[in-house]
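Chains A and B, in that order, are what the protein sequence lines are.
By the working numbering, the letter at position 356 of the first sequence is numbered 359, and the numbering carries on one by one without gaps.
By the working numbering, the letter at position 75 of the second sequence is numbered 637, and the numbering carries on one by one without gaps.
In what follows, a single structure is set out as structure tokens and then discussed.
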Amino acid sequence: MVNLTIDGKQVTVSKTATIYDAAKEVGINIPVLCYAKKLLPYGACRFCLVQVEQMKGRLIPACTTPVSEGMVVTTTSEEIQKVRKTVMEFLLVNHVLDCPVCDKGGECDLQDLAYEFGSISNRFEGVKFDLPTDEINPLIERNMNRCVLCGRCVRVCDEVVGYGSYSFINRGFETKIATAYDRGLNCEFCGQCVSLCPVGAILPRPFKFKARPWQIKEVDSVCGYCGNGCTVTLGVLDNKIETIRFNDEIGVNDGNLCIRGRFGYAYVNHQKRLTKPLVRKEGQLVEVEWDEALQVAAEGLSNAQNGQGVGILSGARLTNEEFFLLKNLAKTIGTDHLDHSGGECYKGVSEGLNETLGVKASTGTFPQLESCDVILAIRSDFWETHPVVGMVVNQAIRRNDAQLVVVADKRGKLTKLPRARTLLTKAGYELSILNAMSKVLLDEGLAQVDGLQNLDAFKAALSEYTPENVAQQTGVDADLLKDSARKLAGAKKSAILLAYGLPYTAQSKELAAAAANLALLAGIPGRAGSGLYLCGEKANSQGAIDLGVLPAGNGLGAQQMLTAAGEGKLDALYVIAEDPISSYPDRQMVEQAMDKVGFSVVQDLFLSATAEKADVVFPAASFAEKEGTFTNAERRIQRVRQGIKSPGEAKTDGAIISALANKLGNTLSFTGEAAIFAEIGKDVPAYAEFNYHEIGSQGVVWGGETLAPTRRNLVSVSAEQPASADYHLVTGSALYHSGTVSVHASGPLAVMPEAYVELGREDAAALGVNDGDLLKVAGNGVEIQLKAKVDNRLPKGLLFAPYHFGNAGLNKLYRGEAVVAVSVSK
Amino acid sequence: MNDYPQVLFKNRLPGETVTLRSYEKTGGYQGLRKALKMSPNEICELVKDSGLRGRGGAGFPTGIKWSFFPSKAPGEKYLVCNGDEMEPGTYKDRQLLRADPHQLIEGMVIASYALQATAGYIFLRYAYEECAQNVERAIAEAKAAGYLGENILGSGFALSLHVHRSAGRYILGEETALLNGLEGKRPNPRAKPPFPAQRGLFGKPTNVNNVETLANVSHIINHGPVWFQELALTIEGSGTKLFGLSGHLNRTTCFELPLGIPLREVVETYGGGIRQGRAFKACLPGGASTPYLTAEHLDLPMDFNPLEEVGSRIGTAGVTVFDETTCMVAVTRNLVQFFARESCGFCTPCRDGLPMVSWLLDKIEHGLGNHDDLCLLAKQVQNITGRSFCALAEGAMGPVESLLRLFEQELKDHIQKGQCPFL
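Here it is as structure tokens:
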């Protein structure tokens with residue numbers, strides 16, 4: 004710690020702090036323009052110049068100068084004010100003053116500074132720029148005439164997002180910020196530049212001329228898409244989300260968002276939202292009153308329970324409180340057939356981690372990732388499923404020189420990060436590589452084996468997984484594999500990342516166990532700062548596991564329920580917040596289940612493909628319309644807050660489930676989410692220590708920053724051999740979408756409007772395929788047509804198709820395999 | 563015609579470049595042999611004792627700069643030679659690399675050994691293709707002779723040297739901008755700290771020195787610090803300096819002269835006096851960013867401290883002389899235009915402030931100025947000096963500040979006459 008004096012106040016701060024940080028600590032606000040909390044010190048705007056007694060003779064930039072012991076700082080004086088006024092004047096030489104028609108008006112840093120220094124005039128007849136506005140894309144508008152060249156957009160895109168869309172071009176007075184070749188912006192549209200632009204130079208187009216900032220009501224909630232759990236601040240006007248506001252003061256994400264969080268909110272306002280309950284009458288779904296719909300559903304479900312039983316399938320976007328009510332409902336109905344998210348993909352956590360570590364969650368937290376020395380990511384898709392964790396990985400690399408190792412069947416954003424090492428494997432062999440890395444640690448005596456159970460059996464089971472064998476099988480270089488294992492074991496702090504979700508169903512338990520074995524040998528679980536991260540695809544995937552939305556006793560899991568329904572052995576299905584026909588593996592099976600089942604209830608935001616086959620459809624509320632808690636992929640419980648009222652008569656899942664339970668004779672009632680949360684604590688001990696009302700802006704993490712394993716058990720797992728074929732198809736998440744909800748959101752759709760199949764240039768050339776051509780992809784006896792996307796991400800013989808677009812019918816082909824053997828033709 | 567001891571130019575012959583063989587004949591690479599028998603720390607101490615100050619313009623003591631370098635840190639460390647000679651009126655490094663490139667190579671090997679650097683980069687101005695080829699040839703010769711590469715002269719020390727041809731911008735002379743340029747990035751200067759010695763090229767410890775500075779090193783090792791100190795004519799100075807003469811002189815070439823030589827001697831003896839017998843009016847003593855000297859300064863010794871005492875700097879010792887018929891407002895306007903154009907656009911005072919100064923000077927030069935403009939000009943000098951991110955803008959204010967200080971009447975004449983009095 005360092006002691007210094009700022010404007011007469013004594014401050015004690017960490018020695019890595021800057022003068023600006025130290026001043027902020029004691030409530031002294033030094034004006035800044037180019038400074039941004041999450042970016043590296045820059046020092047370009049020169050607003051923050053201060054006087055330092057020990058550095059007489061010149062003014063010192065507060066935002067780049069580190070503190071030193073005994074420093075005496077003066078932040079305002081006549082001289083300093085004069086300088087700041089001059090900087091203001093310099094900036095206004097070429098800045099257009101079109102504040103009346105600028106959306107930034109009212110929250111513009113330049114406006115605020117001009118107000119503070121009382122000046123918009125300047126003594127120079129400067130040249131105002133007249134540059135054309137970039138509005139080629141539908142999401143981000145760039146008006147470089149308003150730019151103050153603070154470089155925040157350039158820096159955030161490079162330092163945080165790792166994309167590098169922007170750069171300065173030209174020199175001197177003509178300097179401006181441009182994209183490559185000064186063309187229209189064409190990037191991944193995460194909108195970080197929008198968030199960080201201090202003026203109206205980069206603005207969200209969907210919000211253009213919608214409102215003045217002060218008219219907007221801000222509601223801090225949690226993004227409803229992935230398990231990252233980013234705080235999103237809803238900008239609400241007239242019961243409509245008009246924009247997502249930037250807020251870097253709260254939450255795990257430091258204000259960072261991806262395109263889904265930043266521009267994917269529009270589905271909430273979508274005109275096709277269900278607004279009234281529907282009941283099938285004479286073959287048609289017709290709108291009815293709630294009471295009737297609930298009555299029909301209650302009767303249908305209780306009749307079915309008296310017959311061959313009811314199965315309940317939930318999505319992982321319900322709040323913890325709603326999951327609690329759902330479990331209660333299952334009890335009321337009397338069924339043990341309860342499951343979520345397709346029933347398979349999460350088994351890496353519920354079984355894989357449980358058997359190895361005795362816990363069912365990631366062991367570290369996301370902020371700790373930034374200080375890891377070595378990060379092993381399994382699958383390049385981790386960035387696509389959890390983009391904002393990807394940004395933390397990027398910062399670990401750029402700021403702390405972390406070494407990233409990616410075990411993946413294809414290249415992606417992760418593999419392009421600085422010094423990233425890619426172990427590019429034949430598709431479906433990730434598990435073999437993890438086993439081989441474990442073997443390297445054991446054989447070379449680098450493993451931490453104290454207290455590990457089952458060591459001998461595990462060693463024996465690994466005998467075939469020599470780096471050389473695995474190298475031959477997978478195409479990964481054996482020396483690189485060995486060196487990566489050594490790096491992981493030698494790191495002070497290290498992390499292993501693995502995402503799970505509907506498109507990653509195959510061997511999910513085994514893959515997670517292999518990762519956990521490796522983590523144990525590398526001493527990761529339970530070590531402060533290190534962590535094994537298994538990250539769920541949906542906003543509350545972890546909550547679903549914590550609350551046990553799982554088959555109880557002899558209850559059927561999702562796949563068995565659907566199979567049973569298809570065979571006429573289950574009489575009713577209740578599907579909540581999920582569109583299995585569009586997104587579950589093996590569409591034929593799901594369709595057959597929905598066709599054959601005697602009675603079905605679907606509860607969703609939209610009339611999904613599954614809902615179209617239901618007997619009763621309940622209109623549900625989105626994340627923005629409810630209160631409660633989500634638990635993100637690092638065990639952080641955060642408050643979801645209601646920003647708007649639901650459209651029409653749509654109700655929250657919790658309200659619908661409660662009403663249905665009441666119709667079925669359950670008289671339990673809870674007054675609000677806090678009461679339910681307290682009740683959860685009785686079932687889930689980890690939640691018992693928290694009070695709903697005391698969950699602050701950073702949320703609360705159950706099990707602590709570093710979750711201690713209760714068991715250290717090595718579990719031998721072996722890899723399935725993928726079927727051999729000329730072409731292999733893998734599915735997964737695309738950066739722009741999450742599950743099947745985002746296909747209703749105009750933002751993500753603007754960038755990725757439809758399904759596609761991606762293939763490498765070599766294959767494209769061999770097939771004579773160009774970007775955009777229709778390709779016939781056949782496998783598992785089914786042929787579908789998809790638009791081709793040609794790039795250099797995929798090795799020869801591998802195809803990738805994202806799973807989000809139900810209408811493309813990808814899940815007719817994909818039945819949960821790691822790799823689908825396919826044939827391809829034009 | 564030069565009576566002073568020649569060190570850097572001792573092998574220089576018109577139109578010729580010294581080969582390895584002739585370089586060795588005059589004692590070449592003896593300094594390296596000697597140095598490799600010393601400890602790195604001893605070399606640093608020797609250079610510190612010699613009083614060698616950086617020859618690139620800022621004049622920072624080289625030995626002290628080296629002593630900040632974490633030579634014991636593990637991993638790669640770099641020595642970068644700054645040969646981005648773009649200061650208007652400065653062409654000494656070109657003369658040196660044309661004549662005798664091995665001095666640079668030898669100096670860089672010794673410096674790398676002293677700093678324990680693992681690789682060296684020679685960053686050359688885009689227009690210096692001839693020099694680049696000379697240096698590349700010298701590197702190849704040195705490598706073949708065992709002065710470069712693995713296990714240099716059996717010492718176990720290894721070094722590779724690389725020539726980088728700059729894309730060419732004035733800002734690249736700023737050492738952190740140069741490092742960005744070398745990495746293939748836009749050459750904006752970097753925030754300090756971290757200083758290049760901590761986190762420089764590719765994030766590794768890096769030391770940046772000027773061509774002439776490095777060329778002096780082998781001579782210091784060879785002849786010792788006392789000899790080097792005694793080369794200068796002033797007591798506190800040390801070494802010789804390459805003076806590149808330009809402007810209204812009868813002879814505009816580059817001379818190696820002792821530091822501390824009176825300006826008058828530079829102008830009259832070596833410059834051959836002012837052209838057409840006119841009178842000396844002013845000069846830029848060390849490149850375009852150094853404040854003017856006038857006739858009253860003619861007897862000043864040309865060394866770091868004496869020039870700083872009169873508010874100027876020796877800079878690169880590229881002396882540009884103006885005769886009595888020159889309009890100093892026009893000269894200054896021309897210089898500021900150059901700096902405004904070459905600003906990288908990174909920080910506000912430089913990017914937006916320099917054009918303002920340029921416009922003001924333009925206005926005054928064209929007789930459109932008034933008294934307020936003069937006040938404003940003076941204020942802008944204050945507002946820019948010491949406020950910018952790197953030294954570019956501050957350097958740009960050097961001539962402007964001295965114009966206001968030394969040629970106030972000339973500025974007023976422009977305003978009173980409504981036109982340039984020299985027209």
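For each residue, glycine too, the CB sits at the ideal point set by N, CA and C.
Small disclaimer: the values here were computed from a predicted structure and weren't measured.
Interface flag, Leu152 of chain A vs chain B, CB-CB below 8 Å: On the first sequence, residue 152 of chain A is found 149 positions in, with the first residue counted as 1. Closer than 8 Å: yes.
Straight-line Cα distance separating Cys226 of chain A from Ser700 of chain A: Here residue 700 of chain A corresponds to residue number 697 of the first sequence, with the count starting at 1. Here residue 226 of chain A corresponds to residue number 223 of the first sequence, with the count starting at 1. Using only the alpha carbons, I get a separation of about 14 Å.
Secondary structure of Arg840 of chain B, DSSP reduced to three states: In the second sequence, counting from the first residue as 1, residue 840 of chain B sits at position 278. Note: Arg840 of chain B maps to coil in three-state DSSP.
Residue nearest to Phe621 of chain A in terms of C-alpha spacing, selected from A:Arg276, A:Thr734, A:Val14, A:Leu524: In the first sequence, counting from the first residue as 1, residue 621 of chain A sits at position 618. Here the closest residue by C-alpha is A:Arg276.
Cβ neighbour criterion (16 or more within 10 Å) applied to Leu537 of chain A: Locating residue 537 of chain A in the first sequence gives position 534, where the first residue counts as 1. Around the C-beta of Leu537 of chain A, 16 or more other C-beta atoms lie within 10 Å, and the residue is accordingly described as buried.
Limits of the alpha helix (DSSP H) - the one that Val754 of chain A falls within: Position 751 of the first sequence, counted from the first residue, corresponds to residue 754 of chain A. Bounds of the alpha helix (DSSP H) holding Val754 of chain A are 749-754.
Residue-level contact to chain B via CB, Leu62 of chain A, 8 Å cutoff: As a position in the first sequence, residue 62 of chain A is number 59, starting the count at 1. With 8 Å as the cut-off, Leu62 of chain A counts as an interface residue toward chain B.
Gly669 of chain B - DSSP class collapsed to helix/strand/coil: Here residue 669 of chain B refers to the residue found at position 107 of the second sequence. Three-state DSSP puts Gly669 of chain B in a helix.
Alpha-carbon to alpha-carbon, Gly750 of chain A and Val697 of chain B: Counting from one through the second sequence, the residue named residue 697 of chain B turns up at place 135. Counting from one through the first sequence, the residue named residue 750 of chain A turns up at place 747. In a straight line, the C-alpha of Val697 of chain B is about 56 Å away from that of Gly750 of chain A.
With 16 other Cβ atoms within 10 Å as the buried cut-off, status of Ala430 of chain A: The count along the first sequence starts at 1 and reaches residue 430 of chain A at position 427. Residue environment: Ala430 of chain A is assigned as buried (16 or more neighbouring CB atoms within 10 Å of its CB, all protein chains considered).
Touch test, the stretch 588-607 of chain A against the stretch 559-572 of chain A, Cβ-Cβ under 8 Å, three pairs minimum: These segments touch.
C-alpha distance - Ala759 of chain B paired with Ser629 of chain B, whole-angstrom precision: Your numbering for residue 759 of chain B matches position 197 in the second sequence. Your numbering for residue 629 of chain B matches position 67 in the second sequence. The alpha-carbon of Ala759 of chain B is positioned some 10 Å away from that of Ser629 of chain B.
Sequence-distant residues of its chain with Cβ nearer than 7 Å to Cys348 of chain A (five each side left out): Residue mapping note: residue 348 of chain A aligns to position 345 of the first sequence, counting from 1. The beta carbon of Cys348 of chain A is closer than 7 Å to those of Tyr503, Gly504, Leu505, Tyr507, Thr508, Ser511 in its chain, skipping five residues each way along the sequence.
Partners in chain A for Asn945 of chain B, counting only beta-carbon separations shorter than 7 Å: The residue given as residue 945 of chain B occupies position 383 in the second sequence. Result: Val86, Thr89.
Three-state secondary structure (DSSP) of Gln645 of chain A: To locate residue 645 of chain A, count along the first sequence from 1; it is residue 642. For Gln645 of chain A, the secondary structure class from DSSP, reduced to helix, strand or coil, is coil.
Residues that Leu755 of chain B contacts on chain A, provided the C-beta gap is smaller than 7 Å: Indexing the second sequence from 1 puts residue 755 of chain B at position 193. Looking at the sequence itself, residue 755 of chain B is Pro, so the reference to Leu does not match. What Pro755 of chain B touches in chain A: Pro69.
Residue range of the alpha helix (DSSP H) that includes Thr976 of chain B: As a working mapping, residue 976 of chain B is identified with position 414 in the second sequence. Sequence check: residue 976 of chain B is His here, not Thr. Residues 970-979.
Cβ contact check for the stretch 605-624 of chain A and the stretch 574-583 of chain A: 3 or more pairs under 8 Å: When Cβ pairs closer than 8 Å are counted between the two stretches, the stretch 605-624 of chain A is seen to touch the stretch 574-583 of chain A, the count reaching three or more.
Bounding residues of the alpha helix (DSSP H) (the contiguous stretch that carries Ala117 of chain A): Here residue 117 of chain A refers to the residue found at position 114 when the first sequence is read from its first residue. Annotation: the continuous alpha helix (DSSP H) that includes Ala117 of chain A extends over 112-120.
is_contact[Gly907 of chain B, chain A] using C-beta, thresh 8 Å: Numbered from its first residue, the second sequence carries residue 907 of chain B at position 345. When Cβ-Cβ separations below 8 Å define contact, Gly907 of chain B makes contact with chain A.
Min CB distance Arg913 of chain B to chain A below 8 Å: For the purposes of this step, residue 913 of chain B is identified with residue 351 of the second sequence, where counting begins at 1. It does: the Cβ of Arg913 of chain B has a partner Cβ on chain A nearer than 8 Å.
Under 8 Å between C-beta atoms of Ala739 of chain B and Pro756 of chain B: Translated into positions along the second sequence, residue 739 of chain B becomes position 177. Translated into positions along the second sequence, residue 756 of chain B becomes position 194. Pro756 of chain B is positioned such that its CB atom lies no closer than 8 Å to that of Ala739 of chain B.
Residue-chain proximity (Arg895 of chain B, chain A), Cβ-Cβ < 8 Å: Position 333 of the second sequence, counted from the first residue, corresponds to residue 895 of chain B. By this cut-off, Arg895 of chain B is not an interface position.
Interfacial residues, the stretch 34-49 of chain A to chain B, with Cβ spacing under 8 Å: Near chain B, meaning a CB-to-CB distance below 8 Å, the residues of the stretch 34-49 of chain A are Leu43, Pro44, Tyr45, Gly46, Ala47, Cys48, Arg49.
Whole runs of the beta strand (DSSP E) within the stretch 357-383 of chain A, excluding any shorter than 3 residues: If we require 3 residues or more, the beta strand (DSSP E) runs fully inside the stretch 357-383 of chain A come out as 377-381.
Under 9 Å from the C-beta of Leu94 of chain A: neighbouring residues of chain B: Mapped onto the first sequence, residue 94 of chain A falls at position 91. Neighbours of Leu94 of chain A on chain B, chain order: Thr910, Asp914.
Cβ neighbour criterion (16 or more within 10 Å) applied to Asn810 of chain A: Mapped onto the first sequence, residue 810 of chain A falls at position 807. Answer is exposed; the Cβ neighbour count stays below 16.
The stretch 189-208 of chain A touching the stretch 246-263 of chain A, judged by at least three CB pairs closer than 8 Å: Taking 8 Å as the limit for Cβ pairs, the verdict is that the stretch 246-263 of chain A does touch the stretch 189-208 of chain A.
Expected contact under 8 Å - CB spacing of Ile626 of chain B and Ile672 of chain B to nearest Å: In the second sequence, counting from the first residue as 1, residue 626 of chain B sits at position 64. In the second sequence, counting from the first residue as 1, residue 672 of chain B sits at position 110. Taking C-beta atoms under 8 Å as the contact rule, Ile626 of chain B and Ile672 of chain B fail to qualify, at a distance of about 17 Å.
Other residues of its chain near Thr775 of chain B: CB distance less than 6 Å, five sequence neighbours each side excluded: In the second sequence, the residue the question calls residue 775 of chain B occupies position 213. Non-local C-beta neighbours of Thr775 of chain B in its own chain, meaning closer than 6 Å and more than five positions away in sequence, comprise Gly616, Arg617, Thr624, ordered along the chain.
Residue nearest to Gly264 of chain A in terms of C-alpha spacing, selected from A:Pro390, A:Leu360, A:Lys490: The residue you call residue 264 of chain A lines up with position 261 of the first sequence. Looking only at A:Pro390, A:Leu360, A:Lys490, the smallest Cα-Cα distance to Gly264 of chain A is reached by A:Pro390.
Bounding residues of the beta strand (DSSP E) (the contiguous stretch that carries Pro576 of chain B): Indexing the second sequence from 1 puts residue 576 of chain B at position 14. That residue, Pro576 of chain B, is in no beta strand (DSSP E); it is neither H nor E in DSSP.
Alpha-carbon spacing of Leu939 of chain B relative to Leu923 of chain B, whole angstroms: In the second sequence, counting from the first residue as 1, residue 939 of chain B sits at position 377. In the second sequence, counting from the first residue as 1, residue 923 of chain B sits at position 361. Their backbone Cα atoms lie some 8 Å apart in a straight line.
Cβ-Cβ separation, Gly558 of chain A to Leu341 of chain A (assumed contact under 8 Å), whole Å: For the purposes of this step, residue 341 of chain A is identified with residue 338 of the first sequence, where counting begins at 1. For the purposes of this step, residue 558 of chain A is identified with residue 555 of the first sequence, where counting begins at 1. Yes, Leu341 of chain A and Gly558 of chain A are in contact; Cβ-Cβ is about 6 Å, under 8 Å.
Limits of the alpha helix (DSSP H) - the one that Leu260 of chain A falls within: Position 257 of the first sequence holds residue 260 of chain A. Per DSSP, Leu260 of chain A lies in no alpha helix (DSSP H) and is assigned neither H nor E.
Contact under 8 Å by Cβ, Arg644 of chain A with Val222 of chain A: Counted from its first residue, the first sequence places residue 644 of chain A at position 641. Counted from its first residue, the first sequence places residue 222 of chain A at position 219. In this structure, Val222 of chain A lies closer than 8 Å to Arg644 of chain A by Cβ.
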